[in-house]
Amino acid sequence: MKVAQKLYEGVQLSDGKATGLITYMRTDGLHLSDEAAKDIQSFVVEKYGLNFAAKSTRKYFKKVKNAQEAHEAIRPTDIRRLPSMLVGVLDEDSLKLYALIWSRSMACQMEPAIIEQIQCDIGNANQSIMFRSTCSKVEFLGYQAVYQDAETFRIRSNEDDEHQRSEVFEILSNLKGGEPLCLTKVEPGQHYTQPPPRYSAPVTWHRKTFYIRNHY
0 MKVAQKLYEG VQLSDGKATG LITYMRTDGL HLSDEAAKDI QSFVVEKYGL
50 NFAAKSTRKY FKKVKNAQEA HEAIRPTDIR RLPSMLVGVL DEDSLKLYAL
100 IWSRSMACQM EPAIIEQIQC DIGNANQSIM FRSTCSKVEF LGYQAVYQDA
150 ETFRIRSNED DEHQRSEVFE ILSNLKGGEP LCLTKVEPGQ HYTQPPPRYS
200 APVTWHRKTF YIRNHY
């Protein structure tokens with residue numbers, strides 16, 4: 000919250016003026032003003048193309064009863080102020096937070112991604128043993144384009160992983176139902192699903208405060 004407060008109150012930019020980089024951060028609102036949403040859509044078209052912009056401005060509202068939503072959602076005060084423009088101006092944490100707010104603001108006014116998914120079930124003759132292989136391929140990046148943009152300083156998909164995924168997808172796509180396969184190799188492996196980390200004291204306090212504020 001201290002980092003957000005700093006971005007809201009103002010940061011001295013190259014012109015020597017203190018400028019607020021984000022809107023009011025103590026808000027429970029999910030909506031954007033019509034003017035802001037249209038401005039973001041316009042910039043999406045400029046940066047990524049018409050196909051990436053939502054067909055109409057997206058409006059989000061909380062479903063929680065008695066939600067105040069007195070202020071709009073947190074967003075950059077100027078969507079055209081890219082995170083890359085603030086390198087050397089903001090410290091690391093501030094830059095990461097601004098990049099997160101910028102990318103989410105852009106993504107909320109973009110088209111959804113289109114992902115093709117394939118699943119193959121492979122078994123022995125009496126189907127007493129079954130193996131399942133799944134893979135997916137992105138047909139249209141949609142809002143995901145903003146998260147692969149160098150402007151956000153996010154860790155983009157590893158090119159080697161993408162290449163391997165494409166090869167697997169191609170192999171699975173060429174299989175036909177009922178087609179016999181030859182087993183060449185078996186590599187046993189064990190994977191564990193990791194539970195989410197326990198709440199720390201600050202997170203617990205934040206959750207309690209958020210619940211009380213929105214339910215009473």
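Here the sequence shown stands for residues 0 to 215, numbered as in numbering that gives the first Met the number 0. Where is the CB? At the ideal position from N, CA and C, for every residue including glycine.
message = Please return the same chain residues whose Cβ sits closer than 6 Å to the Cβ of Gln216, not counting the five positions on each side in sequence.
response = In this structure the chain extends from 0 to 215, so residue 216 is not present and cannot be described.
Exposed unless 16 or more other CB atoms sit within 10 angstroms - verdict on Thr22 = buried
message = Within 10 Å of its beta-carbon, does Leu182 have 16 or more other beta-carbons around it, so buried, or fewer, so exposed?
response = exposed
Endpoints, the beta strand (DSSP E) within which Lys136 is located = 129 to 139
ask   = Between Gly9 and Gly15, what straight-line distance do the alpha-carbon atoms span, to the nearest angstrom?
value = 11 Å
request  = Would you give the residue range spanned by the beta strand (DSSP E) that Gln116 belongs to?
outcome  = 113 to 122
query = Among Ile113, Cys107, Ala52, which one has its Cα closest to the Cα of Ile73?
reply = Cys107
message = Please classify Phe130 as buried or exposed, where buried requires at least 16 other C-beta atoms within 10 Å of its C-beta.
response = exposed
task = Have a look at Trp101 and Ile113 and give me their C-alpha separation to the nearest angstrom.
result = 22 Å
inquiry  = Rounded to whole angstroms, what is the Cα-Cα separation between Leu6 and Thr18?
reply    = 8 Å
Member of Gly177, Asp27, Glu34, Glu91 whose CA lies at the smallest distance from the CA of Thr56 = Glu34
query = What did DSSP end up calling Met109 once you bin it into helix, strand or coil?
reply = strand
ask   = Is Leu81 helix, strand or coil when you go by DSSP?
value = coil
Same chain, Cβ closer than 8 Å to Cys119, five either side skipped, listed in chain order = Arg131, Ser132, Thr133, Leu171, Leu174
Candidates Lys37, Val167, Gly48, of which the one nearest Phe139 by Cα = Gly48
Three-way DSSP call (helix, strand, coil) for Leu6 in this model = helix
ask   = Any idea if Ile154 is buried or exposed, counting beta-carbon neighbours within 10 angstroms, 16 or more meaning buried?
value = Model confidence at Ile154 stands at a pLDDT of 47, short of 50, so the residue's coordinates are unreliable; what they give is reported in the following sentence. Looking at its Cβ environment, which holds fewer than 16 other Cβ atoms inside 10 Å, Ile154 is exposed.
query = Does the separation of the CB atoms of Gly141 and Met105 fall below 9 Å?
reply = no
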